[in-house]
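Residue numbers (our numbering): 55 to 615.
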C-alpha cells in the first residue's frame, strides 16, 4: 500500500484483525499491487474505507487506487445515503441506530438525547465498559479531555457513545454520572438495538472501537492502563487529523479521486471547478487585519491556477495583497470544471472571511496529528507535603458535562473572617515569592524550610508519565507539593505539555508563570495543554500541585513536532 511521507504510516492502512469468516467481496489492488477483497463503504478525507467482514475495516489512501478503481468505488457507493445535516435524520449503518436509543447526562441525570441540533458525525467512538472494574473507570475518565478537545477543534466530526456490560441498569447510570460523561450513553435496556455497535461488546475488559458512520471499524483497542489510554488517544487524534479536509496533506488524494470520478458524475452536464484545498485559513485573517479576501481565479483543464485577480471588495491591508495572490496561485488545489464528462478550463470566484475558533491554538495543535515526538522526563524532585488548613480549600459544586467548567462552592465571610480570598491564599502564596520561581534550583535530599517545617526534596520516578505524590511520601489530605525538573533541548523548541493534576496546578517555565488553574479534579490524561517555548540548552520546570482529599498525583507528557 502506498505510504507517502506526509501521512503517518499507521494511517496508511488501518486494519482490524478480528477474525471472522469472509463472504464473497470484490477484489481491489493498492498502489503496490497487493490484492485484497473488501466491500467499498465511503470516502473519509484522503481515504477509501472498506469492510472485508462485519468486524474488519480497512483504510486505503485514495492515490493508492488507480483511476478505474476510483470509478468502481464511486459506482459502488454513489447510492448510499449522504451524511445528514441533522444527526436525528442519520442513515449511516452505525448512526441510524442511535436516535431514540441514546441518552445524555444533564444535571447529573440521564435524559433522552436530542440529536437534532448537531450534524451526523463522520466517526463514532464506542466505549465499552462496566461499573465493576477499575479499567473501565480509568479508560472513561482519561477519554474525557480528548473528547472535549476533539469536538471543539473538529465540531460535528466525532461523537462517542458508552455501552455498558456486566452491570445492572442502576450501575449503568452511576458510572455515567460518576465520570460526568459529556458524550452519549446508550439506553441500557435498548443496547441490542445498536446493531453494529453491540456486535463488539467484549466479555471482559474495557475497550474502544472507532467506526465510520457507515459501519467500517477503523480502530480497536483493549484499554487496561494509562499507556493504553495514551496510545488510543494518539491513534484517534491522528485519524481525525488525517481526515480533516483543511489538512493540506489530504489534498493530493482528494484531488486524485475527484479527477477520476467527476467526469463520470457529470457525464451529461456541466460542473464548475471544485476547490479541494484552500490555502488561506479563515481563523488567521482577523489577527492580521483582514476582513475579506475575494478573487477571480482562472483554473485550467488540469486544475492548475493560471491567474488570480483580487476583487475590489476585498478588505485587507495593502501589504497583504501580493502575498495572498501568490498564495492562491501557487497553493490552491482544484478539480477542474467539467463539460459533458470532459475537464475544461474555467473560472472560479473565491471568497473567504474571518472565522472564530472555539478552541485554543494549543488545543488545535494537540489534536492536529503534528506532535509526534515525545521529550522524555523520567523523574522529578518533589517537595511535599506542605500542610494547609482545610478552610483554604473549596468544594466542587458542579461540573458542566459539555464544557468541563468547574463551579466551586464559595465560603461566605463569617465572624472568623473566612472568605474566598483566604481559600486561595494557599494556592497563590509560595515560599519563593520574593526571590521568584527562577531561584528554585533544588538538589536531591536538600532541605527547604516552609512555615517552620523542614521538608526535603525527594526524587520520584515517573511510571509511564504518572507521578504519585501520595504513596511514596506518606502524604496527607489538605496539603501542597512542588515538583521540579530540568529539560535539555539542542535548539529553541516550541513544545506542548499535556498535563492532568489532582487537584489545582501552577506551572513555571524558567521562572515565568505559564499556567495557573485552581480546581478540584482527578488526574486525567491531557486535561490541560500548555504551550512551552523551550530555549536551547537547559530549561527548568516547576509545578505546584494542591491536594484536598484522597489521591494526589499528576500525569504528563511533553511533545513537539
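Heads up, the beta-carbon is just placed ideally off N, CA and C, and yes, glycines get one too.
Would the beta-carbon of residue i fall within 8 Å of that of residue j?
| i | j | result |
| --- | --- | --- |
| residue 602 | residue 532 | yes |
| residue 265 | residue 178 | yes |
| residue 548 | residue 587 | yes |
| residue 308 | residue 334 | no |
| residue 583 | residue 554 | no |
| residue 412 | residue 206 | yes |
| residue 339 | residue 362 | no |
| residue 218 | residue 162 | no |
| residue 364 | residue 379 | yes |
| residue 159 | residue 166 | no |
| residue 423 | residue 317 | no |
| residue 499 | residue 511 | yes |
| residue 568 | residue 557 | no |
| residue 597 | residue 560 | yes |
| residue 92 | residue 104 | yes |
| residue 437 | residue 535 | yes |
| residue 98 | residue 392 | no |
| residue 294 | residue 215 | no |
| residue 542 | residue 592 | yes |
| residue 262 | residue 180 | yes |
| residue 326 | residue 581 | no |
| residue 399 | residue 348 | no |
| residue 127 | residue 94 | yes |
| residue 306 | residue 513 | no |
| residue 272 | residue 113 | yes |
State buried or exposed for residue i, treating a residue as buried only when at least 16 other CB atoms are found within 10 Å of its CB.
| i | result |
| --- | --- |
| residue 129 | exposed |
| residue 439 | buried |
| residue 132 | exposed |
| residue 461 | The pLDDT assigned to residue 461 is 43, lower than 50, so where the model puts this residue is not dependable, and the model offers no usable value. |
| residue 407 | exposed |
| residue 236 | buried |
| residue 577 | buried |
| residue 222 | exposed |
| residue 324 | exposed |
| residue 495 | exposed |
| residue 607 | buried |
| residue 84 | buried |
| residue 390 | buried |
| residue 322 | exposed |
| residue 312 | buried |
| residue 546 | exposed |
| residue 617 | In the structure displayed, the chain extends from 55 to 615; residue 617 sits before or after that span and is not available. |
| residue 506 | exposed |
| residue 232 | exposed |
| residue 288 | buried |
Could you tell me which residues DSSP pairs with residue i in its beta bridges?
| i | result |
| --- | --- |
| residue 261 | 182, 276 |
| residue 585 | 550 |
| residue 110 | 107 |
| residue 347 | 406 |
| residue 536 | 437, 598 |
| residue 555 | 608 |
| residue 205 | Paired residues: none, contrary to the question. |
| residue 396 | 393 |
| residue 353 | 359, 400 |
| residue 569 | 561 |
| residue 541 | 593 |
| residue 502 | 509 |
| residue 218 | 183 |
| residue 89 | 83 |
| residue 328 | 389 |
| residue 101 | 98, 115 |
Among the residues of its own chain, which have a CB less than 8 Å from the CB of residue i, if the five just before and after it don't count?
| i | result |
| --- | --- |
| residue 283 | 192, 193, 196, 197, 277, 579 |
| residue 539 | 431, 433, 434, 435, 594, 595 |
| residue 151 | 247, 248, 249, 250, 251 |
CB of residue i to nearest heavy atom of the ligand COA: below 7 Å?
| i | result |
| --- | --- |
| residue 281 | No copy of the ligand COA appears in this structure; indeed no ligand is present at all. |
Leaving aside the five residues before and after residue i along the sequence, list all residues of the same chain whose C-beta is less than 7 Å from its C-beta, in chain order.
| i | result |
| --- | --- |
| residue 147 | 250, 268, 269 |
| residue 403 | 350 |
| residue 241 | 155, 156, 157 |
| residue 53 | Only positions 55 to 615 of the chain appear in the structure, and residue 53 is not among them; the question remains open. |
| residue 419 | 425, 550 |
| residue 259 | 189, 276, 278 |
| residue 79 | 91, 92, 93, 106 |
Identify, in the order they occur along the chain, each residue of the same chain with its Cβ nearer than 6 Å to the Cβ of residue i, setting aside the five sequence neighbours on each side.
| i | result |
| --- | --- |
| residue 585 | 416, 550 |
| residue 345 | 369 |
- Query: Per the contact definition of three or more C-beta pairs closer than 8 Å, is the region 188-199 in contact with the region 295-303?
  - Reply: Cβ pair count under 8 Å is below three, so no.
- Message: Would the region 165-180 count as touching the region 133-144 if we require 3 or more Cβ pairs under 8 Å?
- Response: Yes, the region 165-180 touches the region 133-144.
- Could you say if the region 212-230 and the region 98-118 meet the contact criterion of at least three C-beta pairs nearer than 8 Å? Contact between the region 212-230 and the region 98-118 is absent, because fewer than three Cβ pairs lie under 8 Å.
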